[in-house]
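Here is the structure we will look at, set down as structure tokens.
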Amino acid sequence: MKRLLHCLGCALCVTGVVFVVLRLKTYSHQVDISIFDATAWTIIGLFALIYGAANALLARAWWHILNFLKVNTDWKWAIKTYGLSQLAKYVPGNIFHLAGRQALGMAAGFKAPPLVKSAVWELGLIAVAGTIYGLLAVPLLFPDLSLWISFALFVVISVLLVVTLCPLLSPSIGVALIWQMTFLAISGTVFIATLSAVTPTTIGLVGLPAFCGAYVIAWLAGLLTPGAPAGVGVREMVLLFLLGGRIEQADLLLAVVLGRLVTVIGDLLFFFVSTALKAPLNSNDTVKTL
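For what it's worth, the numbering used here labels the leading residue of the sequence shown as 4, then goes sequentially.
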């Protein structure tokens with residue numbers, strides 16, 4: 004049974020790789036590569052590396068959630084399992100990365116119920132984190148609201164939530180939320196940097212939190228939309244709605260496509276690193292590490 008589950012998890016991982024390759028082919032046709040020189044592509048590659056490395060923060064958050072659910076496993080196993088299964092989010096249905104993680108976890112000897120609960124907790128926490136980031140984007144819809152006020156609310160609510168979750172539930176949940184929020188901050192920053200590289204419009208230091216919040220809300224909408232592989236289409240629609248009045252539509256669309264290219268390459272790099280990572284294969288071999 005464990006062998007069958009392991010094969011199922013691996014099959015979903017391979018399927019994810021296939022869909023990522025197809026997605027890269029699609030995005031390459033949407034971008035006129037002749038307008039970018041070697042320096043520009045080097046910068047885009049750097050953004051992909053940063054995003055790929057940031058995926059480890061999501062894996063770390065999942066590991067803390069597993070600890071909260073009394074699934075004591077090795078950190079290397081958690082990041083390897085997370086990285087191997089993550090590409091399956093590009094398979095239509097937007098749930099197969101969770102199914103792959105479930106299959107690999109059960110193949111390693113862990114019980115099904117806590118693994119299912121870990122997926123629910125992960126989605127719930129990141130939905131909360133993304134909603135908090137939405138506060139930063141409110142001034143884009145209501146210009147009368149000060150950017151500084153929205154930023155202050157974001158900081159205060161974030162701190163209060165973490166401080167409340169640690170004693171109320173577990174320090175592991177509070178730490179998991181911190182890792183998720185850090186990932187979202189990095190993702191938003193990478194998108195802003197990509198946008199700045201293709202548009203002459205000056206975003207300005209004050210506008211950075213609002214643009215970051217807009218990207219996170221778009222990312223979250225794509226994540227939570229059933230059937231949308233990695234949020235394809237949904238993320239773009241939300242970004243056009245929130246930022247279309249501030250950035251030239253052609254520049255914004257180009258940034259969105261390049262942003263997709265960056266995230267797909269980053270996810271692929273994270274997958275390859277996870278594949279090469281040596282980790283325990285089953286629950287009997289795992290030792291809880293920091």
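We put the CB at the ideal spot given by N, CA and C, even for glycine.
Residue range 252 to 279 is occupied by the alpha helix (DSSP H) that includes alanine 258. In this structure, the alpha-carbon of threonine 202 lies about 50 Å from that of glycine 112. Residue environment: lysine 73 is assigned as exposed (fewer than 16 neighbouring CB atoms within 10 Å of its CB, all protein chains considered). Contact between alanine 140 and methionine 184 fails: their C-beta atoms lie close to 15 Å from each other, not under 8 Å.
In this structure histidine 67 is in contact with valine 178, their Cβ atoms being roughly 5 Å apart against a cut-off of 8 Å. Taking a 10 Å sphere around the C-beta of lysine 83, we find 16 or more other C-beta atoms and assign the residue as buried.
Only residues of its own chain outside the window of five on either side were considered, and among them Leu148, Ser149, Leu150, Ser153 and Ala213 have a CB closer than 8 Å to the CB of proline 142, listed in chain order.
Within a 10 Å sphere around the beta-carbon of glutamine 89 sit 16 or more other beta-carbons, which makes this residue buried. According to the DSSP assignment, serine 88 belongs to the alpha helix (DSSP H) that extends over 78 to 89.
The Cβ atoms of alanine 51 and leucine 272 lie closer than 8 Å to each other.
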